[in-house]
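S.K.: Here you go, one structure.
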Amino acid sequence: MEKYIIEMINITKVFPGIVANDNITLRLKKGEIHALLGENGAGKSTLMSVLFGLYQPDGGEIRKNGEVVHINNPNDANDLGIGMVHQHFKLVEIFTVLDNIILGVEPSKMGFIQKKEAREKVLKLSEKYGLKIDPDAVIEDITVGMQQRVEILKMLYRENEILIFDEPTAVLTPQEISELLQTMRNFANEGKSILFITHKLNEIMAVADRCTVLRKGKLVGTVDVKDTTKEELSRMMVGRDVSFRVEKKEKKPGEVVLSVRNLSVPSKTHKKDAVKNVSFDIRSGEIVCIAGIDGNGQTELVGAITGLEKASGGRIFLNGKDITKATIRKRSIEGISHIPEDRHKHGLVLDYKLEENLVLQRYWQPEFQSKGFIKFDAVRKYANKLIDKFDIRSGQGPITIARSMSGGNQQKAIIAREIDKKHDLLVAVQPTRGLDVGAIEYVHKQLVETRDAGKAVLLVSFELDEVMNVSDRILVMYEGEIVGDLDPKKVTVQELGLYMSGAKRDQLKEINDAG
Amino acid sequence: MQDKNDFTRNKRFSFKQIAAKLNFSSLTSALLAILLGLIFGFFVMLFAMPANALAGFRYIAFGGFSRLGDVFYFATPILMTGLSVGFAFKMGLFNIGASGQYTMGMFFALYAGFMWDLPNGIHWIAAVLAGMVGGMLWGFIPGFFKALLNVNEVITSIMFNYIGMYLVDMWVRGSSTMYNSTITRTNYLPQSAQIPSLGITGSNVNYGIVLAILIGIILHIVLQKTTFGYELKATGYNKHAAEYAGMKGKTNIIITMMIAGALSGLGGAFMILAPSGIPGSSMTYEPVNIIAANGFNGIAVALLGNSNPIGIIFSALFISHLQRGGTLTNLVGYKPEIIDVVIAIIIYFSAFAMIMNAAIGEFIKKRIKKTDSDIIEDTTEELNVTDASNNNSKEAE
Ligand SMILES: Nc1ncnc2c1ncn2[C@@H]1O[C@H](COP(=O)(O)OP(=O)(O)OP(=O)(O)O)[C@@H](O)[C@H]1O
Ligand SMILES: [Mg+2]
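Just so you know, the protein sequences line up as chains U and W, in that order. Going by the working numbering, the residue at position 201 of the first sequence is 217; the numbering climbs one at a time, nothing skipped. Going by the working numbering, the residue at position 189 of the second sequence is 409; the numbering climbs one at a time, nothing skipped.
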């Protein structure tokens, strides 16, 4: 008989309107990397939250090394050596990295915190595992990648031996992902056991030993990764074959929809401009992708186009109209839809119901409002329509509080809202982040349909597969400038990588002022 | 013990019925908070004068029922300031300036009452509206600074509490029409400027409370049903998302603070324009450079009412009930100061417990769960059901 370090046996967890985990059994071996796969809302985060003591199961039991344990809260979990990196990080934004790591387990002598000791330990760990951090930086100023390293160091600092990673790679750039996967391998080699949630099958194939698949709260099965394929995994998960290729017709570019001229946008973190004198056009009927390594000005560029940030120079035209100084509402009316980068910060009012979130861009339109009073019937009807059409899954349908929805379904809600809104330009920033393969396929199809319906799509993505498959044209951003205007059919991934790293750049043809 | 359990359980059930439309967990939290506050207050009374504590406490808890008219009368101003604080809070603004707005409103109402010569039936309405404008003005200023210069509204409104109070006291003392220096109070307002009484003998209760409750209901509708309420709450929950959705954050901040100010101003007007039981007299104001307590009590009222206008109506009545009951305790020898302290403790402890409630609830829930799963398998079933609805009433056991 094999020895398991953790056994979750017949776990059931019920939320209002939904059985999130229905009699699920999962066994984790010591020293293995165990992937957990499932569609959005399948119950992965819930299962892990049960193990971490955030939720109490309604049925079933948890064993560690064969003994039944009761995990009533994260402290109990910590005492059992269980640590977790959450899908949405749980760091104190205004604290420093060091303070966050030692929060709750501060070493102290006579009531005084011994920061020096802590700092040494943290720095040692950081060095040992190659997890680069700046202990004195404040969380809100550092990149998501570093925030995640902080979360990982938190677990290491507490000497956890069972590490749960809930979609750690969703927010990382490809480089960071390969670093993280290597770190995970190192952990496993040291005898730590890892539970790893991801929607990316490549990552499972690359690092996991075994994989447990969930579907709609039920266990589909556990397989050895070396005996399976990507296709089989996705079939287990979705219940049908998933196509990884995006089907699309030749593009038929029409009129210029968005035209950006000599645009500069100041940076929030340093004194220089984050976007430097950038010019480009996007026509109707094409998907233009801004590729580049995170932090090369993409966020600021999108901010200036959508109105969340102010440009310091240059002009932006939408359908020939100058919108450089227009309000966000005005831009929205003029035809910009925006799937934002940060779904919790901008995309949703988490304490609002799903239906209220689905009309976030439209509540003021006559369809949903008369004389200042919201037409709740119309809102409900519209919400149900979008929920059906986009397969947004949640416990209680339109009245579900957005906060309680699974990460992927929150994203689907935003996508539904923005695609369904009347628009000429869709600005989609990492629209498939956190979505399962089935949903990604669906979103890609939607993007292509939007394009075929004669709209312009501006896509920002860090996923090279997505960039190559979906876009009709690739603009590479490097240090705030556009260094390449490429045709995905003619460029290789390697070449694209060279552009993105700044090793290669084109002399772009001057675009003259739009008329 | 067992009987008591059953009792609370039944009671809980009927509360659930009442609260079917409201947020159940926030109602239970409020009730729990009140209970804790009362217990704590009782201990203070016990400490102050052990012999009469029980009798005194009975007055506090039940005395108000014998003077319902007064309970409603004194609830009026704190209901208005409570609505003011609660409404601003829905947008994520902390209107600590309710006192200043209240005082300004009172002054404008006084001014209209003394200086304007209007026919019966119209005069008091004009004075009430003047009070509203006064408060609105005093709410506008912090709103304006917040929206345009991003100056924290807490700082500005505290400043304007003082500025308002000193200005009003100066203006009042400077006017011989308003101020009577021999009694160091304002003169009696003309009858025409007084809000019509509801005609309950021995009490000053007047149409002010009716208007105040009506305003509470209107605010509830505004918050729940209108696009303005939708924007306001969205901004309060997540201002980044509100900005992303193209809501006019700055305008909304100013409007919200103006409304909050208007509500407090109305509170001041309702207070000073109340009719007096004695013919030929009226309410008066004594300019003694003290910041109006009714403003701060509004914060407690809003907290206890969970910033929900309907909840605030009830919490204002409750706090007024305690205060009225408290005045009776001197019958058994409590000094008014002690009672003020006790009531303040109950109010603030209640409000505080309301904030802490989530933590307390969680703690007790865990406790019960632990012991329960150790002892009997059977009951966990039922407890889970209550857990799921996230109510904290188990603390009662
Ligand atoms: N706190 C909660 N209250 C109510 N329902 C919840 C809560 N947490 C999760 N759910 C529901 O349980 C289901 C499973 O959610 P969970 O977050 O576990 O999904 P997931 O597998 O992690 O999905 P994703 O890949 O999208 O992150 C969802 O339908 C969600 O709406
Ligand atoms: Mg999840």
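Backbone N, C-alpha and C define an ideal beta-carbon position, used for all residues, glycine too.
Following a CB-centred definition, is S328/U positioned closer than 7 Å to any heavy atom of ligand 2?
M.R.: False, no ligand heavy atom lies under 7 Å from that Cβ.
S.K.: Give a single yes or no on whether K60/U has its beta carbon closer than 7 Å to a heavy atom of ligand 1.
M.R.: The answer is yes for K60/U.
S.K.: Using 8 Å as the Cβ pair cut-off and three pairs as the minimum, do the region 295-314 of chain U and the region 495-513 of chain U touch?
M.R.: Segments in contact, yes.
S.K.: Against I390/U, what residues of chain W qualify as contacts under a CB-to-CB distance less than 7 Å, listed in chain order?
M.R.: Residues of chain W passing the Cβ test: K445, T446, T447, Y450.
S.K.: Quick one: Cα of S477/U to Cα of V353/W, how far?
M.R.: Using only the alpha carbons, I get a separation of about 53 Å.
S.K.: Among L370/U, H86/U, F105/U, which residue has its Cα nearest to the Cα of L96/U?
M.R.: Of the candidates L370/U, H86/U, F105/U, the one whose C-alpha sits nearest the C-alpha of L96/U is H86/U.
S.K.: Extract the residue ranges of the alpha helix (DSSP H) inside the region 484-567 of chain W, only unbroken runs of 4 or more that lie entirely within it.
M.R.: Whole alpha helix (DSSP H) segments, 4+ residues: 513-524, 529-547.
S.K.: Run through the DSSP bridge pairs and tell me what D310/U is partnered with.
M.R.: In DSSP, D310/U forms no bridge with anything.
S.K.: Does A318/W come out as helix, strand or coil in the three-state DSSP assignment?
M.R.: Three-state result, A318/W: helix.
S.K.: If you follow the alpha helix (DSSP H) that Y494/U is in, where does it begin and where does it stop?
M.R.: Taken as a continuous stretch (DSSP letters only), Y494/U belongs to no alpha helix (DSSP H), being part of the beta strand (DSSP E) at 489-494.
S.K.: Where do the ends of the beta strand (DSSP E) carrying V154/U lie?
M.R.: Here V154/U belongs to no beta strand (DSSP E), and DSSP marks it neither H nor E.
S.K.: Identify the continuous alpha helix (DSSP H) that holds E382/W and give its terminal residues.
M.R.: Position check: residue 382/W holds Tyr in this sequence, whereas Glu was assumed. Segment 373-394, the alpha helix (DSSP H) holding Y382/W.
S.K.: Which residues in chain U sit within 7 Å of A465/W, going by Cβ to Cβ distance?
M.R.: The contacting residues are L376, Q377.
S.K.: Would you please verify whether the beta carbon of H541/W is less than 8 Å from any beta carbon of chain U?
M.R.: Output row for H541/W: interface = no.
S.K.: Compare the C-alpha of K437/U against each of I390/U, E383/U, A51/U and name the closest.
M.R.: Minimum Cα distance to K437/U is reached at E383/U.
S.K.: Scan the region 326-343 of chain U for residues whose Cβ lies nearer than 7 Å to a Cβ of chain W and list them as they occur along the chain.
M.R.: Cβ contacts with chain W: T343.
S.K.: Considering only the beta carbon of each residue, do V154/U and I110/U sit closer than 8 Å?
M.R.: Yes, they are a contact pair.
S.K.: Less than 8 Å between C-beta atoms, sequence neighbours within five positions excluded: which residues of the same chain meet that for Q191/U?
M.R.: Around Q191/U: I309.
S.K.: For G161/U, tell me which candidate among H104/U, K216/U, Q385/U has the shortest Cα-Cα distance.
M.R.: Here the closest residue by C-alpha is H104/U.
S.K.: Using a C-beta to C-beta distance shorter than 9 Å, which residues of chain W count as neighbours of S348/U?
M.R.: Those within 9 Å of S348/U in chain W are A465, G466.
S.K.: Does the Cβ-Cβ distance between G355/W and L483/W come in under 8 Å?
M.R.: Against a cut-off of 8 Å, the Cβ pair of L483/W and G355/W comes out as a contact.
S.K.: So, do the region 477-494 of chain W and the region 304-319 of chain W have three or more beta carbon pairs nearer to each other than 8 Å?
M.R.: As far as the Cβ criterion goes, the region 477-494 of chain W touches the region 304-319 of chain W, which means the pair count is three or higher.
S.K.: Kindly indicate which residue of W344/W, I565/W, T323/W, G466/W has the alpha-carbon position closest to the one of A332/W.
M.R.: For A332/W, the nearest C-alpha among the options comes from W344/W.
S.K.: Hey, is L119/U's beta-carbon within less than 8 Å of any beta-carbon in chain W?
M.R.: Chain W, which has no Cβ nearer than 8 Å to the Cβ of L119/U, makes this no.
S.K.: Regarding D452/U and ligand 2, is the C-beta to nearest heavy atom distance less than 7 Å?
M.R.: Incorrect: D452/U has no Cβ contact closer than 7 Å to ligand 2.
S.K.: Between G255/U and ligand 1, is the CB less than 7 Å from at least one heavy atom?
M.R.: No, ligand 1 has no heavy atom inside 7 Å of this Cβ.
S.K.: Which first and last residues belong to the beta strand (DSSP E) in which I180/U is found?
M.R.: Run containing I180/U: 178-182, per the beta strand (DSSP E) assignment.
S.K.: Contact between the region 451-462 of chain W and the region 293-312 of chain W is defined here as three or more beta-carbon pairs at a separation below 8 Å; is this criterion met?
M.R.: These segments touch.
S.K.: May I ask whether a heavy atom of ligand 2 can be found less than 7 Å away from the beta carbon of E55/U?
M.R.: Answer for E55/U: no, Cβ out of range of ligand 2.
S.K.: Are R299/U and A455/U close, meaning C-beta to C-beta below 8 Å?
M.R.: No, these two residues do not count as a Cβ contact at 8 Å.
S.K.: So, for A522/W: in the same chain, excluding its five sequence neighbours on each side, which residues have a beta-carbon less than 7 Å away from its beta-carbon?
M.R.: G302, V305, G306, F309, I532, listed in sequence order.
S.K.: Do V229/U and G450/U have their C-beta atoms closer together than 8 Å?
M.R.: Contact: no.
S.K.: Could you name the residues that DSSP lists as bridge partners for D297/U?
M.R.: S275/U, per the DSSP bridge assignment.
S.K.: Using the beta-carbon count (16 or more within 10 Å), is V443/U buried or exposed?
M.R.: When all chains shown are included, V443/U counts as buried.
S.K.: Output yes if chain U places a C-beta closer than 8 Å to the C-beta of A461/W; else output no.
M.R.: Closer than 8 Å: yes.
S.K.: When you compare each of A271/W, L256/W, L357/W to T476/W by their alpha carbons, which one comes out closest?
M.R.: Per the Cα distances, L357/W.
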